[in-house]
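Visitor: Here the working numbering is used: the first residue of the sequence shown is 4, the next is one more, and so on.
Where a beta carbon is used, it is the ideal one built from N, C-alpha and C, also for glycine.
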Amino acid sequence: MNPSALLSARGLVKSYRRGPEEVHALAGATFDVYPGEVVALIGPSGSGKTTLLNLVVGWEEADGGTVEWSSENVHPAARLWDELAIVPQRLGLIEELSVAENIRLPGRLGRRPPQEDRAQQLMDDLG
4 MNPSALLSAR GLVKSYRRGP EEVHALAGAT FDVYPGEVVA LIGPSGSGKT TLLNLVVGWE
64 EADGGTVEWS SENVHPAARL WDELAIVPQR LGLIEELSVA ENIRLPGRLG RRPPQEDRAQ
124 QLMDDLG
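Put into C-alpha cells, the structure is as follows:
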C-alpha cells in the first residue's frame, strides 16, 4: 500500500454463479484513493461498479485480493460511518431531508459534530 493512500485495493477478484454460468464481475481491480479525493465509478451496466463498492465497504467478500485502509489491512466491514460513506444507487437519499441534511447524515451516524461549512463546501464543489 502506498503510505499516503487512505484506501488501497489490490487484485480484487469476484465471480458469481448465475445458473450454470459463472460471471466474472471483477478480475484484479487495483486502485488507490488519497485523502481529500472524491471518487466516481463510471461505466456501463454490468461492468462491476456495484460489486467493487460492495467489496470495499465489506458488504461482500472478495474471492481474491486485499482492501487496506489507512495502512491497516483490516476487513472493510470494520470501518465506521465516520471514515466511510457511500450513496447507494437506489434509496440513497432521504426525500424528506434537504441536500445539505443528506450530506451531513453520515457524520451524524458516525457521531461527529455537525460540520455546516463542510456540507456547504461539498455542495459548492459538486454543483
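Within 8 Å, do at least three Cβ pairs link the region 20-29 to the region 37-47?
Guide: At 8 Å Cβ cutoff, the stretches do not touch.
Visitor: Name the DSSP beta bridge partners of T69, please?
Guide: Looking at the DSSP assignment, T69 forms a beta bridge with R13.
Visitor: To the nearest angstrom, report how far apart W62 and L9 are at their CA atoms.
Guide: Looking at the two C-alpha atoms, the distance is approximately 19 Å.
Visitor: Check whether the Cβ of V70 lies closer than 7 Å to any heavy atom of the ligand ADP, and answer yes or no.
Guide: Because no ligand of any kind appears in the structure shown, any question about the ligand ADP cannot be addressed here.
Visitor: So, E71 versus S11, is the Cβ gap smaller than 8 Å?
Guide: A contact, by the Cβ cut-off of 8 Å.
Visitor: So what does L29 bridge to, in DSSP terms?
Guide: DSSP lists K17 as partners of L29.
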